[in-house]
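Participant: Residue numbers are given in my numbering: position 229 of the sequence shown equals residue 215, and the series is strictly consecutive.
For each residue, glycine too, the CB sits at the ideal point set by N, CA and C.
Remember, it's a predicted structure, so these values are computed and weren't measured experimentally.
The structure is given below, and queries will be raised subsequently.
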Amino acid sequence: MMRLQLLLALLAAALCRCACSGAERWQEVDGGRWRSLTIQSSTTTGFTLLPGAATGIRFTNSLEEARAATNRVLYNGSGVAVADFDGDGLPDIFFAALEAPCMLYQNQGNWRFREVTAQVGLEIHGMTVRGAAFADINGDGRPDLLLTTVGHGTRCYLNAMPDGFVDVTPLAGTGSGYGSSTVAIADIDGNGTLDLYIANNRAEDIRDRGAIDLKLVGGQMIVPPALQDRLVIMNGELREYGEPDQLFLGDGNGRFRLASWTNGTFLTRPSTISSGSHCSIESSAQPDLESSGQT
Ligand SMILES: [Ca+2]
Ligand SMILES: [Ca+2]
Ligand SMILES: [Ca+2]
């Protein structure tokens, strides 16, 4: 009797598989294939918004209108970075901020987070922070923190947990007066060390000045010498250059060397978009770089 029940159960399972396989069958189309998804009615799908009261995350990236009115660069906002900074297996979250303090939230598990910014030495004073990224720049297995700032370039904070983070920007060599916005990280020269591509914007926008001293010569607008590295007239329109982007080559120990754009390493090919450029490194085995920006 038991053997008969087992046989019937196996038969039912086989029939079910046959019936289901029809619905899951791939449909071949030109250049690809597709099939319908089976949505289980007993499960929920998509994302659920968790309130700060539930997660413990209270961060808000605020910006005073009055300050933004004097520097429209600030309207570009700030970023967020995720990594397991303390090595407990749970991803933690760092929020960059324009005016409010930047904050690091330690994952406590079960969708609960605890703010530990000061505890790990990441209180950032006197800087407007735009971008944030975790990367192990010194190869010790612990994710370090990179922050791009308005007017202070890129700041590097070495992960020295359990003793917190240490600002090593002077040693790293990535500080500057640029208004840096984002950072892309890859081993661009294939030597086993992480390198940084910093996209710089400007620390302030010249349109926020009350007036610009241009000259009209022979019916043509002329940019004065003092502003010729910043302004250009194209097709009768006045445009502002961005600050130059930077490629930093890492030594694997948390120090970086600024690479040259013009020593032959990069080849520039004509852009397919009017306001940007594409560059590719000479060997096809190397990561290529594509950038776009406004003139
Ligand atoms: Ca963690
Ligand atoms: Ca590290
Ligand atoms: Ca490298």
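(1) Using the three-state DSSP reduction, which class does Ala104 fall into: helix, strand or coil?
(2) Could you name the residues, in chain order, whose CB is less than 5 Å away from a heavy atom belonging to ligand 3?
(3) Would you be able to state if there are at least three C-beta pairs under 8 Å between the segment 47 to 64 and the segment 183 to 198?
(4) Three-state secondary structure (DSSP) at Val154?
(5) Which partner residues does Val59 have in the DSSP bridge list?
(6) Does DSSP put Arg193 in a helix, in a strand, or in coil?
(7) Would you mind stating whether Leu76 and Leu90 have Cβ atoms separated by less than 7 Å?
(8) Report yes if the C-beta distance between Asp153 and Tyr164 is below 7 Å; otherwise report no.
(9) Thinking C-beta only, is Ala185 closer than 7 Å to Asp215?
(10) Any heavy atom of ligand 2 closer than 6 Å to the beta-carbon of Arg128?
(11) If you follow the alpha helix (DSSP H) that Thr31 is part of, which residue opens it and which one closes it?
(12) Mapping the DSSP letters down to three states, classify Gly38 as helix, strand or coil.
(13) From what residue to what residue does the beta strand (DSSP E) around Tyr164 run?
(14) Is the separation between the beta-carbon of Phe234 and that of Thr168 shorter than 7 Å?
(15) Figure out for me which residue from Glu223, Thr140 and Arg116 has the closest Cα to the Cα of Leu49.
(16) Starting from Gln94, follow its DSSP beta bridges and name the residues at the other end.
(17) Please state if the CB of Ala158 and the CB of Phe242 are separated by a distance shorter than 7 Å.
(18) Could you pull out every residue in the same chain whose Cβ sits closer than 8 Å to the Cβ of Gly150, ignoring the five residues on either side in sequence?
(19) Out of Asp126, Leu132, Thr114 and Asp70, state which residue places its alpha-carbon closest to the alpha-carbon of Gly95.
(20) Which class does Leu182 belong to by DSSP, given the choice of helix, strand or coil?
(21) What do you reckon, are the CB atoms on Pro210 and Asp199 nearer than 7 Å?
(22) Just to check my reading of the structure: Thr179 and Gly236 have Cβ atoms closer than 8 Å, yes? What is that Cβ distance to the nearest angstrom?
Facilitator: So, from the listed chains and residues:
(1) Counting from one through the sequence shown, the residue named residue 104 turns up at place 118. Note: Ala104 maps to helix in three-state DSSP.
(2) Asp173, Asp175, Asn177, Thr179 and Asp181
(3) yes
(4) To locate residue 154, count along the sequence shown from 1; it is residue 168. Three-state result, Val154: coil.
(5) Locating residue 59 in the sequence shown gives position 73, counting from the first residue. Bridge partners of Val59: none, in fact.
(6) Your numbering for residue 193 matches position 207 in the sequence shown. Residue state, collapsed to three classes: helix.
(7) By 1-based counting over the sequence shown, the position of residue 76 is 90. By 1-based counting over the sequence shown, the position of residue 90 is 104. Contact flag unset, no.
(8) The sequence position of residue 153 within the sequence shown is 167, counting from 1. The sequence position of residue 164 within the sequence shown is 178, counting from 1. It is not a contact, given that the beta carbons lie outside the stated cut-off.
(9) For the purposes of this step, residue 215 is identified with residue 229 of the sequence shown, where counting begins at 1. For the purposes of this step, residue 185 is identified with residue 199 of the sequence shown, where counting begins at 1. Against a cut-off of 7 Å, the Cβ pair of Ala185 and Asp215 comes out as no contact.
(10) Start at 1 with the first residue of the sequence shown, and residue 128 comes out as number 142. True, at least one ligand heavy atom lies under 6 Å from that Cβ.
(11) If you number the sequence shown from 1, residue 31 lands on position 45. Neither: Thr31 is in no alpha helix (DSSP H) and is coded neither H nor E.
(12) Numbered from its first residue, the sequence shown carries residue 38 at position 52. Gly38: helix per DSSP, three-state reduction.
(13) Start at 1 with the first residue of the sequence shown, and residue 164 comes out as number 178. No beta strand (DSSP E) holds Tyr164; DSSP gives it neither H nor E.
(14) Against the sequence shown, residue 234 aligns to sequence position 248. Against the sequence shown, residue 168 aligns to sequence position 182. Not in contact: Phe234 and Thr168 (Cβ atoms no closer than 7 Å).
(15) The residue labelled residue 49 in the question sits at position 63 within the sequence shown. Checked all of Glu223, Thr140 and Arg116; the closest Cα to Leu49 is Arg116.
(16) To locate residue 94, count along the sequence shown from 1; it is residue 108. Partner(s): none; Gln94 has no beta bridge.
(17) In the sequence shown, the residue the question calls residue 242 occupies position 256. In the sequence shown, the residue the question calls residue 158 occupies position 172. For Phe242 and Ala158, yes; Cβs fall inside 7 Å.
(18) The count along the sequence shown starts at 1 and reaches residue 150 at position 164. Result list for Gly150: Gln105, Val106, Gly107 and Leu108, in chain order.
(19) Numbered from 1 along the sequence shown, position 109 holds the residue referred to as residue 95. With distances taken between Cα atoms, Gly95 lies closest to Asp70.
(20) Numbered from its first residue, the sequence shown carries residue 182 at position 196. The answer is strand: DSSP assigns Leu182 an E or B state.
(21) Start at 1 with the first residue of the sequence shown, and residue 210 comes out as number 224. Start at 1 with the first residue of the sequence shown, and residue 199 comes out as number 213. Closer than 7 Å, so yes.
(22) Taking the first residue of the sequence shown as position 1, residue 179 is located at position 193. Taking the first residue of the sequence shown as position 1, residue 236 is located at position 250. So it is a contact: roughly 4 Å between Cβ atoms.
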